[in-house]
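Structure first, commentary second.
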Amino acid sequence: MTALAGAAASTLDLLQLAPPGWGGNLLRGLANSVLIAAGAFGLGLGLGTLGAFGKLYGGPVLRDLLAVYTTVVRAVPELVLILILYYAVTDSVNQILLAFGYERIQISGLAAGIAVLGVVQGAYATEVLRGAIQSVPVGQIEAARAMGMPPGLLARRVTLPLMLANALPGLANLWLIATKDTALLAVVGFAELTQQTRQAAGATKAYFTFFMAAGLLYLLLSILSTWGFARLERRARRGLPEVRG
Amino acid sequence: MPDPRDARETVTDMPGQAAPARDEAIRVEGLRKSFGRLEVLKGVSLTAREGDVVAVIGGSGSGKSTMLRCINFLEHPSAGRIVIGGETVAMKSDGSPADRRQIERIRQSLGMVFQQFNLWTHRTILENLIEVPVHVLGVPRAEAVARAEALLARVGLAEKAQSYPAFLSGGQQQRAAIARALCMAPRAMLFDEPTSALDPELVGEVLAVIRDLAAEGRTMVLVTHEMKFAREVASHVIYLHNGVIEEEGPPDALFGNPQSDRLKQFLKSVG
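Residue numbers (our numbering), protein chains in the order written: chain A, 141 to 385; chain B, 1301 to 1571.
Here is the structure:
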C-alpha cells in the first residue's frame, strides 16, 4: 500500500510543472505541436483552395502541375518528405546565401515544420475541397451567374460556403492528422510534444508515466478538436434538413 | 453606370414596325446553338418590346430552354446576335461573352427564374433576396431589406422571410425565386419552365404570381408547358420545333387556328 502511494507521489512529482518536474516541458511541447499543426493546417487550406479551384477551372498546364503535386506528395511517406524538405531546403537556402556572400542561417524548426507539413496537407486538402466543390448543386452556382455575380464574389459568397458543409468532415480528418504528424518533426530535433516526452522519459527512465501523459494530451487535443469541428459543421449545414437513416 | 439605352440602334428601318413603337427589351437574331455535332437551334429570332409577354412553347428537345439560356449567356450561342435594351452583347468567336463586365451588367437587368428554383440553401429567404442587390449592385442594406420584404408580401411569403429554402414547399420556393429575381429591379424576366418541377396542386399559386406580373406590364419571355396559361397571358407565342420557329403569332391565332400540321399535332398531344 505504501509502495503504491509512493509510486503515485513520484509520478506526480515527475509531472510537476516546475523543474525538477517535466510537466512544463510537456506542455510547452504540446503548445509547439498545436502551433505547427495550426500553421500547417492553415497553409494546407490555402494551398488546397487554390489547388482545388486550379484543378477544376484552371488551364491544362496548371492542371498537370497540380496533378504532379498531389500525386508526388501523397505517394511519398511524410517522414521521408520531412527529411527531404527540411535538410534539402535548409541546405539549398544556405547554398544560395553563401553564393551571394551572406552568412549561413539556421532555419527555425517552427517555420520549417509548418512549411513541410503545410505542403503535405495542401495536397490532401486539394482533393478534399475539389470533391466538395463538385458536389455543390450546379443550379445554385448558375443562379448566381445568371444574376451577374462576378466570379470572385461568387466563389466567396456561394461556392465556398456551400461546399464547406461537404468539406468539413474531410477537413476535420486532415486537422487530426496534422496534430499527430507534428510528432514526425521529432526526427529533425524540433521540440514538439513527442520529442519532449522522449527527453523526459529518457532522463528519468519513467517511460510509462511520460508516454501515457503524452497520449492523454493528444487525446485531449483530439476530443476538443472534434467538438469544435462538430460545431462548425452544424453552422455550415444550417438551412439543410437533417438526414437520418 | 451608363444607361444602356444610349447605345440603342435605330429600328425604324426594320420592315413592318410602326415608327413610335415601344422600346425593344430583348432581341434575338439568327441564333444558332450546337452541342458537339447536335444542332439544337438552327437560326431562331425573336423580339420582345417593353411590356411584351413572349411565350415559347414546343416539345421536349425542341430547343426552347436552350434559346432562353442563350439570352443571358448561360449557354454560349454558336452564331447569331443578342441585343438587350438596344445593346448588343459582344461575343468572341466561340460565342462566349467578350466583355465580362458587360455580360454581368446585362445579366443584372434580366431576372431569371429556373425550373428547379435554385435558391441558395445556406441563406434564408430574405438573405436570398438581398444577396445580389446588396453585394453586387451596392444597394444600401436597409433599402434592400425593405424592398425584399415588400416583394415577399406581394408573393404571399412575408412570414417565411427568416426560413431556409429547404423548409418551404416547391411552390413557395418558386415564388421566393421570382421575388429574388424581381428584387434586382430587372428590365425583363426570363422564365424557364417555372412550374415543370412542381406538384400539380402547387402550379396555380406560381402561375398566379406570374399572371400578376404580366398584368402590371412586365416584359417577359416565358418557356412553358402550360398552354392555357400561355394563351391567357402572352402577347406573342412562338412554337419551336427541332430548333426552328415552326409558327408564331398572337395567342388566339396560334392556339385557335394553328396553321402547320406539326403545331396542330402538338396542341392535340398536350391536350
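The C-beta atom is built at its ideal place from N, Cα and C for all residues, glycine as well. Since this is a predicted model, take the numbers as computed values, not measurements.
- Between residue 269(A) and residue 376(A), the CB-CB gap reaches or exceeds 8 Å.
- Annotation for residue 285(A): 294 place their beta carbon closer than 8 Å to its own, counting only its chain and skipping 5 residues before and after.
- For residue 1452(B), the closest alpha carbon among the candidates 1338(B), 1483(B), 1418(B) is that of 1483(B).
- Between residue 1408(B) and residue 1437(B) the beta-carbon gap is near 7 Å, inside 8 Å, which marks them as a contact.
- The beta-carbon of residue 1340(B) is placed no less than 8 Å from the nearest beta-carbon of chain A.
- For residue 1408(B), the C-beta contacts it makes with chain A under 7 Å involve 287, 288, in order along the chain.
- Between the stretch 214-233 of chain A and the stretch 161-180 of chain A there are fewer than three inter-stretch CB-CB distances shorter than 8 Å, so the stretches are not counted as touching.
- Inter-segment contact for the stretch 1360-1373 of chain B and the stretch 1520-1529 of chain B is present: three or more beta-carbon pairs are separated by less than 8 Å.
- Residue-level contact check: residue 1489(B) does not touch chain A, since none of the beta carbons of chain A fall below 8 Å from its beta carbon.
- With respect to residue 1507(B), residue 1495(B) sits close: the two C-beta atoms are nearer than 8 Å.
- Take residue 314(A), set aside five residues on each side of it, and the residues of its chain with a beta-carbon closer than 8 Å to its own are 181, 184, 261, 264, 265, 268, in chain order.
- Rounded to the nearest whole angstrom, the C-alpha separation of residue 1532(B) and residue 1353(B) is 10 Å.
- Look at the beta carbons and you see the stretch 160-169 of chain A not touching the stretch 238-254 of chain A: under three pairs across the two are nearer than 8 Å.
- For residue 1332(B), the uninterrupted beta strand (DSSP E) segment begins and ends at 1324-1335.
- When C-alpha distances from residue 1333(B) are compared across 1433(B), 1396(B), 1387(B), the shortest belongs to 1396(B).
- Among the residues of chain A, those whose CB is under 7 Å from the CB of residue 1414(B) are 279, 283, following chain order.
- Measuring C-alpha to C-alpha distances from residue 308(A) to each of 254(A), 329(A), 369(A) identifies 369(A) as the nearest.
- Restricted to the stretch 294-374 of chain A, the alpha helix (DSSP H) segments that are unbroken, complete and at least 4 residues in length are 300-321, 333-344, listed in chain order.
- With respect to residue 1478(B), residue 1509(B) sits close: the two C-beta atoms are nearer than 8 Å.
- Residue 381(A) sits in coil when the DSSP states are folded into three classes, being neither helix nor strand.
- For a Cβ distance threshold of 9 Å, residue set 287, 288 of chain A lies close to residue 1484(B), ordered along the chain.
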